[in-house]
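A.B. asks:
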Amino acid sequence: MLRVKSLVPLLAACLSVALFAASATAAAAPPARHSYNGLALTPPMGFNNWAHYECKLDEQLFVNTADALVSTGLAKLGYRYVNIDDCWMEKQRDAAGNLVADPKLFPHGMKWLGDYIHSKGLKFGIYEDVGYLTCQKAPGMYGHIEHDVRTFASWGVDYLKLDYCYSPDDRYPGKNFPQVAHIVYGEVSAALLKSGRDIVFSCSPPAYVFGKPKEFAEVMSWIGSVCNLWRTDDDIFDAWKSVVANYEGNVGLANYAFSGGWNDADMLEVGNPGMSLTEQQSQFSLWAMMASPLLISTDVAKLSPAALKILSNQDVIAIDQDPLGQQAEIVTKIGVVDVLSRPLANGDHAVALFNKGDRAEKISLNVMAIGLPAGRYRLKNLWSKQISETRRMLGANLPAHGVVMYRVSVIR
Ligand code: GAL
């Protein structure tokens, strides 16, 4: 775990605290807004190396990933961003104050890599930190904001993930963490707008106050006017308990999400060895329900047919990417099963039944429980593709840790 010192105690925060944070903050949600820069009108999709590779990265990884996104067909389905995380830089700026890519890892440099990614019809993302240092202790952007944004623009960057390790709080006496974060992220946000490029802005402050309801709410009050997406939880790792923890932390935040401003529950672990296929499919379903970014973090060229099938489910991708941009909410809980629903742009609803328990469950509920009036409905099971009709009841047999997802349409 690579968070700043101030975050470390929060890692111990239990799930109930996270849930409390979510519900306490959701109540004070600001009104719906719009993308501050007109970008990311649907949640970004693509790749980020961190969850699977951490610092084991080099130019070849991103070249191979770009190639594989195209050859697997994933690029065509919307996975467009090829994002480099921490550890790409030298530990010192050059004499002119420029950030320098590690020449052993990136022998052709970042402009070349950006050009390569663009030549595949994809977008190029990079990582920095607006504190003194990145979490891995490379130079941060603090004191160099405009200069670094110009550098990124000259490399053809389309997406900036901006972390918040080693935050510069000591430079702002009298201001609290959310206020300082607002100032420095606001400066980067403004510099990106002037950069001459369309750069999606991914931010981290909410994750640093995860489990602290007051500060979390304060950060969430401005984040949507400065950023396109923001991390809400701890770093994900390849285990079911991590996926559930990030789901729990993110699922109560629907009121903060809007087209161009997304709650980011962190990367997908689909394709990695730590979870069953059922669990991987569940993560994908839940992330789509929550309109979270869909950022793959695995060896894309070596995806098994089963994992590739999960990532390629166009019906589920369409829920994540629905233009209404309305994140799902839990409409009811039946024992260990959460029932989530979100309205979609064409008047349909997406409904997910999520069995958090360790045993199979058989669930059935009235459509009215998901906020739909009495009527005739067509149900498309988005995984089995089975189509059925109902007037009242909706249900499913759910394996342990499984999600069943429906698209529900009124039959007129
Ligand atoms: C963490 C961040 C991770 C990754 C890492 C790099 O703070 O949450 O996603 O970017 O830093 O050091």
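Quick note: the sequence shown uses the working numbering, first residue 178, plus one each step.
Heads up, the beta-carbon is just placed ideally off N, CA and C, and yes, glycines get one too.
Tell me the DSSP bridge mates of R408?
C.D. replies: As a working note, residue 408 is residue 231 in the sequence shown. DSSP output for R408 lists D441 as bridge partner(s).
A.B. asks: Near M582, which residues of its chain fall below 6 Å by C-beta distance, leaving aside the five closest residues on each side in sequence?
C.D. replies: Within the sequence shown, numbered from 1, the residue matching residue 582 stands at position 405. Excluding residues within five positions, the ones whose Cβ falls inside 6 Å are S462, A529, L559.
A.B. asks: When DSSP builds the beta bridges, which residues end up paired with M582?
C.D. replies: To locate residue 582, count along the sequence shown from 1; it is residue 405. Answer is A529, bridged to M582.
A.B. asks: Within 10 angstroms of its Cβ, does A573 collect 16 or more other Cβ (buried), or is it exposed?
C.D. replies: By 1-based counting over the sequence shown, the position of residue 573 is 396. So A573 ends up on the buried side.
A.B. asks: Please work out which residues of its chain come closer than 6 Å, Cβ to Cβ, to S379, disregarding the five sequence neighbours upstream and downstream, and give them in chain order.
C.D. replies: The sequence position of residue 379 within the sequence shown is 202, counting from 1. So the qualifying residues of the chain are K338, L406.
A.B. asks: Within 10 angstroms of the Cβ of I496, are there 16 or more other Cβ atoms? Answer buried if so, exposed if not.
C.D. replies: Within the sequence shown, residue 496 is the residue found at index 319, counting from 1. Buried, since its Cβ has 16 or more Cβ neighbours within 10 Å.
A.B. asks: In three-state DSSP terms, what is S541?
C.D. replies: To locate residue 541, count along the sequence shown from 1; it is residue 364. For S541, the secondary structure class from DSSP, reduced to helix, strand or coil, is strand.
A.B. asks: Check each candidate in P500, Q504, R536 and name the one with the smallest Cα separation from V514.
C.D. replies: Counting from 1 along the sequence shown, the entry for residue 514 is found at position 337. If we check each option's Cα against that of V514, R536 comes out closest.
A.B. asks: Just the C-alpha distance for F393 and R589, rounded to the nearest angstrom, thanks.
C.D. replies: Your numbering for residue 393 matches position 216 in the sequence shown. Your numbering for residue 589 matches position 412 in the sequence shown. So the two alpha carbons sit approximately 44 Å from each other.
A.B. asks: Buried or exposed: G448, going by 16 or more other Cβ atoms within 10 Å of its Cβ?
C.D. replies: Locating residue 448 in the sequence shown gives position 271, counting from the first residue. Counting Cβ neighbours within 10 Å, G448 comes out buried, since at least 16 surround it.
A.B. asks: Using 6 Å as the cut-off, classify the Cβ of D140 as near or not near the heavy atoms of the ligand GAL, replying yes or no.
C.D. replies: Shown here, the chain extends from 178 to 589; a query on residue 140 therefore has no answer.
A.B. asks: Return the chain-ordered ranges of every beta strand (DSSP E) run that is complete within the region 370-432 and spans a minimum of 3 residues.
C.D. replies: Restricted to the region 370-432, the beta strand (DSSP E) segments that are unbroken, complete and at least 3 residues in length are 377-380, 406-408, listed in chain order.
A.B. asks: Smallest Cα separation from T219: which of T567, R210, Q498?
C.D. replies: Along the sequence shown, read from residue 1 onward, the residue named residue 219 stands at position 42. Ranking T567, R210, Q498 by Cα distance to T219 puts Q498 first.
A.B. asks: Could you tell me which of P350, L488, A431 sits nearest to L517, measuring between CA atoms?
C.D. replies: Within the sequence shown, residue 517 is the residue found at index 340, counting from 1. Residue A431 is the option with its Cα nearest to L517.
A.B. asks: For W399, which residues from the same chain have a beta carbon less than 7 Å from its beta carbon, with the 5 sequence-adjacent residues on both sides left out?
C.D. replies: What you label residue 399 is simply residue 222 of the sequence shown in a count that begins at 1. The residues are H359.
A.B. asks: Taking DSSP as the reference, what is the three-state secondary structure of A252?
C.D. replies: For the purposes of this step, residue 252 is taken as the residue at position 75 of the sequence shown. For A252, the secondary structure class from DSSP, reduced to helix, strand or coil, is helix.
A.B. asks: Using the rule of at least 16 other Cβ atoms within 10 Å of the residue's Cβ for burial, across every protein chain shown, is A434 buried or exposed?
C.D. replies: On the sequence shown, position 257 is the one that residue 434 refers to. Buried, because 16 or more other Cβ atoms sit within 10 Å of the Cβ of A434.
A.B. asks: Relative to the ligand GAL, is the shortest distance from any of its heavy atoms to the C-beta of D415 smaller than 6 Å?
C.D. replies: In the sequence shown, the residue the question calls residue 415 occupies position 238. For the ligand GAL, not one heavy atom lies less than 6 Å from the Cβ of D415.
A.B. asks: In whole angstroms, what is the alpha-carbon distance linking Q504 and G401?
C.D. replies: Translated into positions along the sequence shown, residue 504 becomes position 327. Translated into positions along the sequence shown, residue 401 becomes position 224. In a straight line, the C-alpha of Q504 is about 14 Å away from that of G401.
A.B. asks: Could you spell out where the beta strand (DSSP E) holding P280 opens and where it closes?
C.D. replies: As a position in the sequence shown, residue 280 is number 103, starting the count at 1. It is not in any beta strand (DSSP E) - P280 carries neither H nor E in the DSSP assignment.
A.B. asks: Along the chain, where does the alpha helix (DSSP H) that runs through S462 open and close?
C.D. replies: Position 285 of the sequence shown, counted from the start, is the residue given in the question as residue 462. Element bounds for S462: 454-466.
A.B. asks: Name the DSSP beta bridge partners of N449, please?
C.D. replies: Sequence index remark: in the sequence shown, residue 449 carries index 272 (1-based). DSSP lists no partner for N449.
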